[in-house]
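Undergrad:
Numbering (this note's numbering), first residue to last: 129 to 419.
Laid out in structure tokens, this is it:
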């Protein structure tokens, strides 16, 4: 939506939820910032709204042309939007039904993909490995597919025991600013899983690097298990959020706590200092008090 709007296209986002990322329990502050930034770029949002009807007003004049359509929403105003292109962002489904997998004894779930074990092997035929978007129950991300490819090669040819359950997988929305998440990325997600947590936040409004580059909109939030520094996940909204999340992913992968992040020296001036800032907050909170 943002890319098309910046290229001069009039864009309207029809969102069934009251805010962005609500259905997945995403961070509400991140949702608010991103929507506000996209609105600055001309994107229009219709929240708590669904598409009621789509009609073709005029067919395309040529093979490469676009038709003129009318979209009617089911909100209180029954708004009517005329458009030339309708993008339905409903996610992706594995399409493996007609690949002859039955002949190889490879079990799969319709719409979900090949069922694999913790070593990326087919549960019904361990001589077959499956990777990426065709697998059931794994994040549909390019870097996840790449990691699974390495896993399949090492496990099958080098007799390794690399496990899917050992992976900590970040995800990035490449908006401006970017939004990156890993693990249990918000207090709401922790509540949904019945986990008590604490959230440490550092804003970018006073980060010197972000100020120098006029990109000081955003924050770093790190979620830890209550009463400990064990990192459960994080949400970052920043110009380089996709780069910054990797430090937290590494810490989670190697069981390093928020204390360790706070004690890790970060170069100045960098936006990544905001990650360290969350660690310093944890450390300061647990310093002895001299009342």
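Where is the CB? At the ideal position from N, CA and C, for every residue including glycine. Quick caveat: nothing in here was measured; it's all calculated off a predicted structure.
Please name the residue or residues paired with residue 172 in a DSSP beta bridge.
TA: Answer is 140.
Undergrad: What first and last residue would you give for the beta strand (DSSP E) that runs through residue 359?
TA: Residues 359-366.
Undergrad: Based on Cα-Cα distance, which residue from 237, 240 and 264 lies nearest to residue 248?
TA: The residue with the shortest Cα to Cα distance from residue 248 is 264.
Undergrad: With H, G and I counted as helix, E and B as strand and the rest as coil, what does DSSP make of residue 199?
TA: If DSSP states are grouped into helix, strand and coil, residue 199 belongs with the strands.
Undergrad: How is residue 220 classed by DSSP in three states: helix, strand or coil?
TA: The answer is coil: DSSP assigns residue 220 none of H, G, I, E or B.
Undergrad: Compare the C-alpha of residue 354 against each of 385, 367, 345 and 346 and name the closest.
TA: Among 385, 367, 345 and 346, the Cα nearest to that of residue 354 is on 385.
Undergrad: Does the CB of residue 366 have a neighbour CB from chain C at under 8 Å?
TA: Among the chains of the structure shown, chain C does not appear; only one protein chain is present.
Undergrad: From the DSSP secondary-structure annotation, give me the bridge partner or partners of residue 307.
TA: Paired residue(s): 301 and 365.
Undergrad: Need the endpoints of the alpha helix (DSSP H) that residue 331 sits in, please.
TA: No alpha helix (DSSP H) holds residue 331; the beta strand (DSSP E) holding it covers 325-331.
Undergrad: Out of 187, 213, 252 and 266, state which residue places its alpha-carbon closest to the alpha-carbon of residue 220.
TA: That would be 266, whose Cα lies nearest to the Cα of residue 220.
Undergrad: Going by alpha carbons, who is nearest to residue 180 out of 268, 201, 192 and 161?
TA: That would be 201, whose Cα lies nearest to the Cα of residue 180.
Undergrad: From what residue to what residue does the alpha helix (DSSP H) around residue 319 run?
TA: Here the alpha helix (DSSP H) through residue 319 covers 315-320.
Undergrad: Classify residue 179 as helix, strand or coil using the three-state DSSP reduction.
TA: Three-state result, residue 179: strand.
Undergrad: Between the Cα of residue 240 and those of 224, 175, 408 and 397, spot the shortest distance and give me the residue it belongs to.
TA: With distances taken between Cα atoms, residue 240 lies closest to 224.
Undergrad: How many whole angstroms separate the CB atoms of residue 178 and residue 303, which I take to be in contact at a CB cut-off of 8 Å?
TA: Contact flag wrong, Cβ pair sits at about 23 Å.
Undergrad: Would you report the Cα separation of residue 398 and residue 408, rounded to the nearest angstrom?
TA: If you take the alpha carbons of residue 398 and residue 408, they lie about 16 Å apart.
Undergrad: For residue 269, which residues of its own chain have a beta-carbon under 8 Å away from its beta-carbon, when the five flanking residues on both sides are left out?
TA: The answer, listed in chain order, is 297 and 299.
Undergrad: Under 8 Å by Cβ, that's how I've got residue 341 and residue 367 pegged, so tell me the actual separation to the nearest angstrom.
TA: Yes, they are in contact, since the Cβ atoms of residue 341 and residue 367 sit about 7 Å apart, within 8 Å.
Undergrad: Smallest Cα separation from residue 381: which of 322, 419, 359 and 138?
TA: When only C-alpha atoms are compared, the closest one is 359.
Undergrad: If we ignore side chains and look at the alpha-carbon of each, how far apart do residue 332 and residue 197 end up?
TA: So the two alpha carbons sit approximately 42 Å from each other.
Undergrad: Flag this pair as yes or no: are the beta carbons of residue 356 and residue 310 separated by less than 8 Å?
TA: No.
Undergrad: Restricting to Cα atoms, I'd like to know which of 256, 250, 326 and 306 is closest to residue 413.
TA: Checking every option, the nearest Cα to that of residue 413 belongs to 326.
Undergrad: Pull up the CB-CB distance for residue 213 and residue 199, whole angstroms please, since I reckon it's below 8 Å.
TA: In fact, because the Cβ distance is near 11 Å, the residues do not count as touching under 8 Å.
Undergrad: Mapping DSSP to helix, strand and coil, what is residue 395?
TA: Three-state result, residue 395: coil.
Undergrad: Just reading off the alpha helix (DSSP H) that residue 353 is part of, what are its end residues?
TA: Note, residue 353: premise wrong, no alpha helix (DSSP H); beta strand (DSSP E) at 347-353.
Undergrad: Comparing C-alpha positions only, which one of 237, 294 and 284 sits nearest to residue 272?
TA: Closest option to residue 272, Cα to Cα, is 294.
Undergrad: Over the uninterrupted beta strand (DSSP E) stretch that includes residue 209, give me the two end residues.
TA: That run of the beta strand (DSSP E) goes 208-211.
Undergrad: Could you tell me whether the Cβ atoms of residue 139 and residue 172 are closer together than 8 Å?
TA: Yes. Within cutoff.
Undergrad: Using the three-state DSSP reduction, which class does residue 241 fall into: helix, strand or coil?
TA: Residue 241: strand per DSSP, three-state reduction.
Undergrad: Between the stretch 343-350 and the stretch 391-405, can you find at least three pairs of beta-carbon atoms closer than 8 Å?
TA: As far as the Cβ criterion goes, the stretch 391-405 touches the stretch 343-350, which means the pair count is three or higher.
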